[in-house]
Amino acid sequence: DYAPAVGEEKQLQTHEADDSIYQTTLDSATEEEFLRLPCFCHCLQLVVNDGIKASAAAASSFQKVASLAKLSHSSTVFSERLEKFNYTIPRANRTRWNNQFQTVKKVIDIPSSILILILSDLKKNDLILNSKDRKVLEELVSLFELFNEATVLTQGESYVTICLVAPTVLGILFDLERELGSSTSTLVSLCEALIASIKAQFSGLLRYFEIDVPFNTYCMSERFSDVISLISPLLDARFKLLWLDSLHTLVKLRVVEKNAGADVLNTTDHNIDVMTKKTDSLTKRKCLFPYLKENKKVSNENKSRILIELDAYLCEDSREQNLLFIKN
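Residue numbers (our numbering): 3 to 330.
Structure representation (C-alpha cells):
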C-alpha cells in the first residue's frame, strides 16, 4: 500500500472550479437595475464649479480678495490693524469652495473707509476695493449664498440628506431665476451658467415639476429622477408641502397625487389653497428655507379640530396590532 510522506496528508488538494454555479446570480444582477442615488453634495459642487468657470467678470475682484487674505496672514501690521476694528480675514483654502466663499464675505463686510485707511497707510493702494469690485463681489455672494447654506446643511446632522434634495434644488433654482431677472445684475453669464448646470445635474428631479430641462436619457436613479426624492420631503414633518409654495397649484396637485395617493389629496386640498394665496416676496437676508422660520398662529378653529382628532384617536380601541393607523 501507498504510504504518504510526512506532512503530505496536510496539503490542500486543488480542484477545478465550476463557475456555472455562479452564473444564475450574475445574470440576475445584470438584468436588474439597483437603486443608486448620486451624492447630493457632490452634484452641488459640480454646479458651483460650472458657475466659477463662467465668472470671468469677477476675476480681477477675486484676485484682490486673494491678495488681501494672503496679506492678512503675512503682515502682522495689517492683521493687527484689522483686529482693532474687530475684523479678520480667514485664509482661503483652494480645495474647499465654501471656504473661499466665506473669505469673500469677510472681506466685503469690512467697511470701505476702514479698508482704504489701512491699505493707504501700508502703501497697498492696488488692493483697495473700488465700487465696481464691491458690487461684483456682493452679487457673487448673493448668487452663491444658498449653495453655501445647502453645503453646510448636508454636512451636518440636523437633516436627512435625501429630504433636502428637492426643497434645496427648487429653492436655489427659483432664487437664481429671480437674480437673473434683476436689471442691476452684472454677473449675468455666471447666473445663466448656474441655472443651466443645475437643470442638467438635477434634470430627472425637475421634470416632476414641469420645468424645462435638457432632454437626455438616463437610468432611473441618475439625475435624482427616482420618486424617493419627492416622497422624502413630503414625509418630513418640517417640510410637508411648504417647499412646494413657489409652484403652480396644478403642479402641486400632480406631484402630491403621483407620490402620495388620492387619500392624501383629500386631506391636503385646504393646505394647498392656503399656500397659493401667499406672496413670493424676497427677504432682506437670503435663507434656503424661509418658510421654516415663520411663526404661524393657530386659529381657534384649527385648535378645536386638532382637539377633536386627538379625542377620536384616544377613544380608539387598542386591539389593533398593526402599527399603521389609518383614518377614514
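Every residue gets a Cβ at the ideal spot worked out from N, C-alpha and C, and that includes glycine. Since the structure is predicted, the reported quantities are computational estimates derived from the model, not experimental observations.
One question on the structure: do W245 and L172 come within less than 8 Å of each other, judged by their Cβ atoms? yes
Residues of its chain near A202, where Cβ-Cβ distance is below 6 Å and the 5 sequence neighbours each way are ignored: P216
Does DSSP put L249 in a helix, a strand or coil? coil
Taking the alpha-carbon positions, what's the D275 to A71 distance? Bear in mind that the predicted position of D275 carries a pLDDT of just 39, short of 50, making it too unreliable to give a figure here.
Pick from L124, V109, R136, V229: whose alpha carbon is nearest that of T78? L124
Rounded separation between S69 and L129 - CA only: 7 Å
Between V257 and Y293, which are expected to be in contact by the criterion C-beta below 8 Å, what is the C-beta distance as a whole number of angstroms? No, V257 and Y293 are not in contact; Cβ-Cβ is about 17 Å, not under 8 Å.
Quick check on this structure: which residue in Y89, L182, K55, H75 has the alpha carbon closest to the alpha carbon of N95? H75
Among T170, S205, S187, the one whose alpha carbon lies nearest that of P2: Absent from the structure is residue 2, since the part of the chain shown begins at 3 and ends at 330.
Are I174 and A152 closer than 8 Å when you measure CB to CB? yes
V154 to Q47, Cα distance in whole Å? 12 Å
Give me, in chain order, the residues of the same chain whose beta-carbon lies closer than 7 Å to that of D240; leave out the 5 immediate sequence neighbours on both sides. The identity of residue 240 in the sequence shown is Arg, whereas the question assumes Asp. These residues qualify, in order along the chain: L294.
Going by C-alpha to C-alpha distance, which of S57, Q102, C165 sits closest to N150? Q102
Ends of the alpha helix (DSSP H) at C317? Looking at the DSSP string, C317 is not in any alpha helix (DSSP H), and its letter there is neither H nor E.
Please report the distance separating the alpha-carbon of L142 from that of S306. 49 Å
Taking the continuous alpha helix (DSSP H) assigned at V167, which residues delimit it? 163-182
S114: which of F87, T97, T251, V229 sits nearest, CA to CA? F87
Straight-line gap, E194 to L182 (C-alpha atoms, nearest Å): 7 Å
P292, DSSP secondary structure in three states: helix
My guess is that L192 and G53 are in contact by the Cβ rule of under 8 Å, so how many angstroms apart are they, rounded? 6 Å
Name the residue from V167, V109, L237 whose alpha carbon lies nearest to the alpha carbon of N132. V109
Assigned exposure category for L309 - 16 Cβ within 10 Å defines buried: exposed
For the alpha helix (DSSP H) that contains T105, what are its first and last residues? 99-111
Helix, strand or coil: which one does DSSP assign to A59? helix
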